[in-house]
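Working notes, beginning with the structure itself.
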Amino acid sequence: MNLQQLEYIIAVDDYRHFSKAAEASFVTQPTLSMMIQKLEDELDVKIFDRTQLPVQPTEIGSRIIDQARVAVAQVYQIKEIIQEEKGIVKGTFRLGIIPTVSPYLLPKLMQVHQHNHTEIRIAINELTTDNIIKGLMNGTLDGGILATPLNDEHIAENPLYYEKFFAYVSPKETALYAKNVLDESDLNSTKLWLLDEVHCFRTQILHLCNLKKKKNQSSIFSYEAGSIDTLINIVDATDGLTVIPEMALDSLSERQKKNVRSFRNSTPVREISLVTRKEFLRRRLLGIISDEVKSVVPSSLLDESLKKYVIPL
240 MNLQQLEYII AVDDYRHFSK AAEASFVTQP TLSMMIQKLE DELDVKIFDR TQLPVQPTEI
300 GSRIIDQARV AVAQVYQIKE IIQEEKGIVK GTFRLGIIPT VSPYLLPKLM QVHQHNHTEI
360 RIAINELTTD NIIKGLMNGT LDGGILATPL NDEHIAENPL YYEKFFAYVS PKETALYAKN
420 VLDESDLNST KLWLLDEVHC FRTQILHLCN LKKKKNQSSI FSYEAGSIDT LINIVDATDG
480 LTVIPEMALD SLSERQKKNV RSFRNSTPVR EISLVTRKEF LRRRLLGIIS DEVKSVVPSS
540 LLDESLKKYV IPL
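As numbered in the numbering used here, residues 240 to 552 make up the sequence shown, in order.
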């Protein structure tokens, strides 16, 4: 077994086609097929089901490919660590970011990064938390920006900032709209527009208003999408309220900002972190990305004393 063979099975899994995988690997198809066959013979298993079109990995093949991705990534990390030790930080960082963070953070982050670190390419995918974790585990992602704590022994968390939650209230909700601040119990008193269940932001809101076991109540509505901006537009067009993260406030018009209400007493907060597998060793690269994120968020979000108000996931 060698690194080249592992790269070949990853390529076939990516393209689900031997000829395309060979072309992407800059070898002939017979060479690629022969090397994969040798690996299968050595392991005494079939990695791919060649009777399927497009070609599919077998059940054991999928597990082998997942581990191959991790192994190949670790090998390339060795080369990159040596470069970092020489003071050279470059290459590609594959980053997943959750949909309730990306619209408000990415434009600012990309602007700063393009100006300061053109030698580092950040390949960004907008993904749910579960898919970011899967990507970290199977080696298709190097890092993720998401809400924490995850309490996962395989994941290292580097907190970036602490973001308060705010209510966004329709003027048609006259009783709530008349209040300058809301209590958490107010979220139970009217239509609460929520994101789809795959989003951790929804889970935190349900924790906030103790609705986890009541989500099918007729007074509670769910919007099946990942866009906070769309929830805001729904409140504008109809009635009810939703909950939005602090970074979303900058995207509101002056008229919309009049619909924002803070919460009384303990302020609900989410912790946003840069996460990696614990084995990820490119510390200087992580430091660069972490510093860039912190440079583009409001300084008030860097207050670590807010950690005690973080809502569970």
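For glycine and all other residues, C-beta sits at the position ideal for the given N, C-alpha and C. Keep in mind the model is a prediction, meaning the values are calculated, not measured.
Beta-carbon contacts of residue i that lie in its chain and below 8 Å, excluding the five residues immediately before and after
{"i": "Ile471", "result": "Tyr407, Thr481, Ile483, Ala487, Leu491 and Gln495"}
{"i": "Asp283", "result": "none"}
{"i": "Tyr462", "result": "In this prediction, Tyr462 has a pLDDT of 49, which is less than 50 and means its spatial position is unreliable; what the coordinates show is noted afterwards. The residues are Trp432, Leu433, Leu434, Asp435, Thr469, Leu470 and Ile473."}
{"i": "Leu334", "result": "Ile361, Ala362, Ile363, Asn364, Leu380, Asp381, Gly382, Gly383, Ile384 and Ile528"}
Anticipated Cβ contact below 8 Å, residue i with residue j, distance rounded
{"i": "Lys547", "j": "Leu399", "result": "The pair is not a contact, with the Cβ atoms about 17 Å apart (cut-off 8 Å)."}
{"i": "Gly382", "j": "Leu513", "result": "6 Å"}
{"i": "Val294", "j": "Arg255", "result": "5 Å"}
{"i": "Arg500", "j": "Phe404", "result": "Arg500 to Phe404, Cβ: 11 Å. No contact."}
{"i": "Gln316", "j": "Arg521", "result": "6 Å"}
{"i": "His446", "j": "Thr367", "result": "Their Cβ separation, rounded to whole angstroms, is 18 Å, which puts His446 and Thr367 out of contact at 8 Å."}
Simplified DSSP assignment, three categories, for residue i
{"i": "Pro398", "result": "strand"}
{"i": "Glu365", "result": "strand"}
{"i": "Ile467", "result": "helix"}
{"i": "Gln443", "result": "helix"}
{"i": "Gln295", "result": "strand"}
{"i": "Ser501", "result": "strand"}
{"i": "Pro484", "result": "strand"}
{"i": "Val549", "result": "strand"}
{"i": "Ala406", "result": "strand"}
{"i": "Leu385", "result": "strand"}
{"i": "Thr413", "result": "helix"}
{"i": "Gly479", "result": "coil"}
Other residues of its chain near residue i: CB distance less than 6 Å, five sequence neighbours each side excluded
{"i": "Asp422", "result": "Arg503"}
{"i": "Thr515", "result": "Gly382 and Ala395"}
Burial state of residue i (16 or more Cβ within 10 Å)
{"i": "Ser258", "result": "exposed"}
{"i": "Glu543", "result": "exposed"}
{"i": "Phe265", "result": "exposed"}
{"i": "Gln456", "result": "Residue confidence for Gln456 is low, a pLDDT of 47 falling below 50, so the modelled location carries little weight; the figure read from the coordinates is stated next. Per the 10 Å Cβ criterion, exposed."}
{"i": "Asn390", "result": "exposed"}
Delimiting residues of the alpha helix (DSSP H) encompassing residue i
{"i": "Ser539", "result": "Unbroken run through Ser539: none, as it is neither H nor E."}
{"i": "Ala261", "result": "Phe257 to Ser264"}
{"i": "Arg289", "result": "Per DSSP, Arg289 belongs to no alpha helix (DSSP H) and is neither H nor E."}
{"i": "Arg494", "result": "Glu493 to Lys496"}
{"i": "Leu242", "result": "Leu242 to Tyr254"}
Delimiting residues of the beta strand (DSSP E) encompassing residue i
{"i": "Ser272", "result": "Element bounds for Ser272: not the beta strand (DSSP E) but the alpha helix (DSSP H), Gln268 to Leu282."}
{"i": "Leu520", "result": "Premise fails: Leu520 is in no beta strand (DSSP E) and is neither H nor E."}
{"i": "Val508", "result": "Val508 to Arg516"}
{"i": "Leu431", "result": "Leu431 to Leu433"}
Same chain only: Cβ atoms within 7 Å of residue i, ignoring 5 sequence neighbours per side
{"i": "Leu242", "result": "Val311 and Val314"}
{"i": "Asp425", "result": "Leu415"}
Residue i beta carbon near the ligand FAD (any heavy atom closer than 7 Å)
{"i": "Glu531", "result": "Of the ligands one can find in the structure shown there are none, so the ligand FAD has no counterpart to examine."}
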